[in-house]
Amino acid sequence: MKITYKDKVYNYDDGVMFIDIAKDLALEDFKKILAVKVDEKLIGLYTLVEGDSTIDFVTFESPEGKDIYRHSSAHIMAQAVKRLYPDVKVAIGPSIENGFYYDFDFTSPISKDDLEKIEKEMTKIIKANYPIIRQEITKKEAFEMFQNHNEIYKIDLIEHLPEEETISIYKQEDFIDLCRGPHVPSTRYIKAFKLLSVTGAYWRGDEKNKMLTRIYGTSFDTKEALAAHLEALEEAKQNDHNKIGRELRYFMTDENIGQGLPLLMPKGAKLFQILTRFIEDTEAKEGYELTKTPYLAKSKLYKISKHWDHYRDGMFIIDNEDENEVMALRPMTCPFQYTIYNNGLKSYRDLPVKYAETSTLFRNESSGEMHGLIRVRQFTISEAHIMCMPSQLEEEFKKVLNLIHYVLKAVGLDDDISYRFSRWDPSETGKYINAPEKWEKAEKEMEKILKDLNIEYTTGIGEAAFYGPKLDIQIKNVYGKEDTLVTVQVDMFLAENFDMTYIDESGQKQRPYIIHRTSIGCYERTMALLLEKYKGALPLWLSPEQVRVISLTDRTIDNTIEIEKILRNANIRVTSDTRNEKVGYKIREAQLEKVPYMLVIGDKEVENGVVAVRKRSKGDIGTMTLDEFINMLKEEIENKVLS
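Just so we're aligned, residue 1 is where the sequence shown starts under the numbering used here, counting upward by one.
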C-alpha cells in the first residue's frame, strides 16, 4: 500500500495499523500523536489501513486533537462515576470549547464536594493505562448490549438511529460507551485534568424530559497548561458580566419572574437607552426609516413567513380558545416590516427601502442555555430590513458592514471580532426553504462581496437561517466562548412568500432582494460584553453616571447641589453625595461604582470658584472652573473617547 505523508510516499504491507505507521514515521513526536487524519477523515490509531491513503497525524496542538483529547477525558470521567456510583445511568458526554462534560442520572444528588472523589478515581483509571478500543456492531446488537446494562439514555439514542446504521462503541476495561469517536489510544494519554462544576441539564435539552446532572471538566496535555487555564478561568469569573453587572446593579433576576428574563435596574436601563439612542440616530443618518410593530401576531403571519414551519419550537405560542385563534410572540421582526412594505406600490425609484426598528423579541431558549444577559428569552435588537434591486445588493451590503464597523468601533468592540459565513446544508433540506438554485445564487453573491472586501472568514455549514445565508460577526466573552454579536443575511425567499414587488424601469413587477441586518445585535448581549471588556468601568460616553459631586463639609452641601443642577442642565449624567461621611469613604465608594469623574467641593473650591477633579483612572487631576470641566467632558463625550 502507498501511504502519502508530508508529500512523501511510503510503501507498507497489508495488515498494518496506523499506530505502526505513526511509530515508523513520527520519530520522537510519536508520543504526542492522538489520532490520524486519513483523506480528511479522523480515525483512531488502532485502525487497520485499508488501502492507499494520504495521512496526517493529529496532536493536541490542533483543534481536532483538543477535541479528541477532551472527548476521551469525558469517557474517563464517566467510567470513574460508574465505578463510584454503580446505579448511575450515563447519557451523553461530548467535548466542548476548552473542556468537556457528561450528563448522568444519579439515584441521589451529588454536589461539587463529590468532584474530588471522582478525580481520584479518574487518576487511577489513567494510571492503569487501559486501551480504548473501538468496535462496530449492528443496531440490534447495540440495543441488546445497552439494554443488558439498563442504560436507558443510550437505548433512546440508538432507537433514533436508522435501521441500517453501523454503530460504533468504545471499550476501556469495564466501561462501554456508544460513540462515533475517535479517541486517544489509551487512558494514560490524558496528562492533566480538572473537574470544574456540577449543574442540571434536561435530557435532550427539553424541559419536558428529566433533569440530569451535568459535570463539567477540562483537560490539557501538560500540568502547566492546565494551571494557566485555571488561573485564566478564575480571572474570567471575576470579570464575568453576571458578577459585575449584579454587583454594580445593572441588572438582577428573580425566580418568580423566570429564567432568561433579567430585570434592568436604573443603571442598566440607562445604558440600554444610551445605546438605543445612539443606534437610532446613527441609522437615521444612513437613511433608515423607523417602524414600531406589534409584539405578537396571529399564527397566519408566521405561516406565510415560514417561521411556523421552521422555527415554531423556538416560539412562545398563545392559544385563544374563545376566538379559536392561535397567537405567538414574535421571534423576529421581518414579517411585520414586510407587511408595511406591501402597504402601497413601490417603484424602482423608491428602492432601496430601509426599515429599522428597536425590536423586542421572544425566543423559547432552553433553561440550560440561560446566562445573565448573554442568552435570554426576551431581548431587544437593532433590527432592520433593506429591500433593494438585485443591482443594489452589493453596494447596500457593503454599506451595512461599514455601519456595523463604525458602531463596533464607537463602543470599543471592534478589536476582537471574527467572521463566519454561515451556509445551508443541502443534506438537511428540512431545516430550510428548499430551493437549491436560490441558495446557490445567494451564497455566491455573499461570497463575492466578502472577497471584494478582503474579509477573512470561517465557514459554518448548516448555520444559515432557514431563509438565507448569513455573515455572523463573532466575539469572545470572558471565558473565550464565541458569541454571535451581529448578523447580516441575504434573503431571496421571503419576498416571494409575502408577494413583495416593485415596478422596474420597463413597467414590469419584480421581486426585491432583502438584506436582514442588525447594527449592534442584541442590546442585552452587547451590554454584557461591554461590562466584561471594561470590567465595569465603562467609557464616559457610555457610563450611566458620568460625574459624582461630593461635598467635603456640611458648609458646601448647597454648592454641591447647585453644581449637580448645572451639570444636569448641561446634559451630563450626574449625582451628588452630601452624606455626613468622610470624603475618603465617599471617593472610595464612587471608585468602586466605576464613576468616571468625581468633583470634590470644599470651602477652598467654593471660595476660588473652582472644582477639584478626580478621574477614575488617574486620581486627582487638579482644579478647574466648572465651565472648563463641562467643556472637557463634552469634548470627550462628542469624540466617544474609550480610554
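Glycine included, each C-beta is placed from N, C-alpha and C at the ideal position.
Opposite V677 in the DSSP bridges: which residues? Any answer about residue 677 is impossible in this case: the structure gives the chain only from 1 up to 643.
Report yes if the CB atom of A356 is closer than 9 Å to the CB atom of S391, and no otherwise. What you label residue 356 is simply residue 356 of the sequence shown in a count that begins at 1. What you label residue 391 is simply residue 391 of the sequence shown in a count that begins at 1. Between A356 and S391, the C-beta spacing is not below 9 Å.
I think V486 touches I515, with their Cβ atoms under 8 Å apart; what is that distance to the nearest whole Å? Indexing the sequence shown from 1 puts residue 486 at position 486. Indexing the sequence shown from 1 puts residue 515 at position 515. With a Cβ gap of about 13 Å, V486 and I515 do not count as contacting.
M387 burial status per 10 Å Cβ neighbour count (16 or more: buried): As a first step, residue 387 is located in the sequence shown; it is residue number 387 there, counting from the start. M387 counts as buried, since no fewer than 16 other beta carbons sit within 10 angstroms of its beta carbon.
Proximity to E532 [Cα-Cα], best of T578, L296, V376 and K237: In the sequence shown, the residue the question calls residue 532 occupies position 532. Answer by Cα proximity: K237.
Would you give the residue range spanned by the alpha helix (DSSP H) that N497 belongs to? Taking the sequence shown and counting its residues from 1, one reaches residue 497 at position 497. Note, N497: alpha helix (DSSP H), L494 to N497.
Around the C-beta of P266, are 16 or more other C-beta atoms found within 10 angstroms, so that it is buried, or is it exposed? Numbered from its first residue, the sequence shown carries residue 266 at position 266. Exposed, by the Cβ-count rule.
Using the C-alpha atoms, what's the distance from I152 back to D87? Here residue 87 is taken as the residue at index 87 of the sequence shown, counted from 1. Here residue 152 is taken as the residue at index 152 of the sequence shown, counted from 1. Answer to the nearest angstrom: the Cα atoms are 12 Å apart.
Sub-9 Å separation of I630 and I566 beta-carbons: Position 630 of the sequence shown, counted from the first residue, corresponds to residue 630. Position 566 of the sequence shown, counted from the first residue, corresponds to residue 566. Taking 9 Å as the Cβ cut-off, I630 and I566 qualify as a contacting pair.
Status (buried if at least 16 other CB within 10 Å, exposed otherwise) for I215: To locate residue 215, count along the sequence shown from 1; it is residue 215. A residue is called buried when at least 16 other Cβ atoms come within 10 angstroms of its Cβ; I215 meets this threshold and is buried.
Cα-Cα, which of P539, Q259 and N477 is closest to L271? Stepping through the sequence shown from its first residue, residue 271 is reached at position 271. When only C-alpha atoms are compared, the closest one is P539.
Based on the DSSP output, what are the partners of K371 in its beta bridges? What you label residue 371 is simply residue 371 of the sequence shown in a count that begins at 1. Position check: residue 371 holds His in this sequence, whereas Lys was assumed. Under DSSP, H371 takes part in a beta bridge, and its partners are R375.
Tell me which residue opens and which closes the alpha helix (DSSP H) that Q337 is part of. Here residue 337 corresponds to residue number 337 of the sequence shown, with the count starting at 1. C334 to Y341 is the extent of the alpha helix (DSSP H) around Q337.
Proximity to V38 [Cα-Cα], best of K89, L48 and P512: Here the question's residue 38 lines up with position 38 in the sequence shown. Considering only alpha carbons, the answer is L48.
Please go through the same chain and pick out, in chain order, the residues whose beta-carbon is closer than 6 Å to the beta-carbon of Y10, but skip the five residues on each side of it. Reading the sequence shown from its first residue, position 10 is the one you call residue 10. For Y10, where only same-chain residues beyond five positions count, the Cβ hits under 6 Å are I3.
As a quick exercise: from F193, Y69 and N639, pick the residue whose alpha carbon is nearest that of P182. Taking the first residue of the sequence shown as 1, we reach residue 182 at position 182. Comparing Cα-Cα distances from P182 to each of F193, Y69 and N639, the minimum goes to Y69.
Can you tell me whether DSSP reads R188 as helix, strand or coil? Here residue 188 refers to the residue found at position 188 of the sequence shown. In the structure shown, R188 sits in a helix (DSSP, three-state: H, G or I).
Measure the beta-carbon distance from L34 to F60 and round it to whole angstroms, keeping in mind my assumption that it falls under 8 Å. As a first step, residue 34 must be located in the sequence shown, where it is residue number 34. As a first step, residue 60 must be located in the sequence shown, where it is residue number 60. Confirmed, about 7 Å.
For the alpha helix (DSSP H) holding F30, just list the boundary residues, first then last. Your numbering for residue 30 matches position 30 in the sequence shown. No alpha helix (DSSP H) holds F30; DSSP gives it neither H nor E.
Go ahead and label D504 buried or exposed: buried means 16 or more other beta carbons lie within 10 angstroms of its beta carbon, across all protein chains shown. On the sequence shown, residue 504 is found 504 positions in, with the first residue counted as 1. By the 10 Å Cβ count, D504 comes out exposed.
Quick one: Cα of V394 to Cα of E289, how far? Counting from one through the sequence shown, the residue named residue 394 turns up at place 394. Counting from one through the sequence shown, the residue named residue 289 turns up at place 289. Looking at the sequence itself, residue 394 is Glu, so the reference to Val does not match. Answer to the nearest angstrom: the Cα atoms are 21 Å apart.
Give me the residue from D52, F57, K41 and E40 with the minimum Cα distance to K23. In the sequence shown, counting from the first residue as 1, residue 23 sits at position 23. Ranking D52, F57, K41 and E40 by Cα distance to K23 puts F57 first.
Counting C-beta neighbours from all protein chains within 10 Å, is the total for R517 16 or more, i.e. buried, or is it exposed? Counting from one through the sequence shown, the residue named residue 517 turns up at place 517. R517 comes out buried.
Determine the direct distance from the alpha carbon of E445 to that of K140, and round the result to whole angstroms. Against the sequence shown, residue 140 aligns to sequence position 140. Against the sequence shown, residue 445 aligns to sequence position 445. The straight-line gap from Cα to Cα measures roughly 47 Å.
Assuming G245 contacts F251 (C-beta within less than 8 Å), just tell me the rounded distance between them. Position 245 of the sequence shown holds residue 245. Position 251 of the sequence shown holds residue 251. G245 to F251, Cβ: 5 Å. Contact.
Counted within 10 angstroms of its Cβ, other Cβ atoms place A284 as buried (16 or more) or exposed: The sequence position of residue 284 within the sequence shown is 284, counting from 1. Exposed: under 16 other Cβ atoms inside 10 Å.
What is the rounded straight-line gap between the Cα of D620 and the Cα of R277? If you number the sequence shown from 1, residue 620 lands on position 620. If you number the sequence shown from 1, residue 277 lands on position 277. Between D620 and R277, the alpha-carbon positions lie close to 32 Å from each other.
Buried or exposed (CB count within 10 angstroms, at least 16 for buried), N129: By one-based count along the sequence shown, residue 129 stands at place 129. Exposed, since its Cβ has fewer than 16 Cβ neighbours within 10 Å.
Helix, strand or coil: how does DSSP classify V407 here? As a position in the sequence shown, residue 407 is number 407, starting the count at 1. In this structure, DSSP gives V407 a helical state, which the three-state scheme calls helix.
To the nearest whole angstrom, what separates the beta carbons of I190 and I126, a pair I think is in contact under 8 Å? Numbered from its first residue, the sequence shown carries residue 190 at position 190. Numbered from its first residue, the sequence shown carries residue 126 at position 126. Cβ-Cβ separation between I190 and I126: approximately 5 Å, consistent with a contact (criterion under 8 Å).
Spatial neighbours of R573 in its chain, beta-carbon cut-off 6 Å, leaving aside the 5 residues before and after: For the purposes of this step, residue 573 is identified with residue 573 of the sequence shown, where counting begins at 1. Short of 6 Å from the beta carbon of R573, and not among the five residues preceding or following it, lie these beta carbons of its own chain, in chain order: E545 and Q546.
DSSP three-state label for F272, please. Taking the sequence shown and counting its residues from 1, one reaches residue 272 at position 272. Of the three classes helix, strand and coil, the one that applies to F272 here is helix, per DSSP.
Any chance the region 343-352 sits against the region 477-486, with 3 or more Cβ pairs inside 8 Å? A contact between stretches requires three or more CB pairs, one per stretch, nearer than 8 Å, and the region 343-352 fails this requirement with the region 477-486.
DSSP puts I449 in a beta bridge; with which residues? Indexing the sequence shown from 1 puts residue 449 at position 449. Partner(s): none; I449 has no beta bridge.
Does DSSP put D397 in a helix, in a strand, or in coil? Within the sequence shown, residue 397 is the residue found at index 397, counting from 1. Contrary to the premise, residue 397 reads as Phe rather than Asp in this sequence. The answer is helix: DSSP assigns F397 an H, G or I state.
C-beta contact flag for E280 and T358 at 9 Å: As a position in the sequence shown, residue 280 is number 280, starting the count at 1. As a position in the sequence shown, residue 358 is number 358, starting the count at 1. Yes. Within cutoff.
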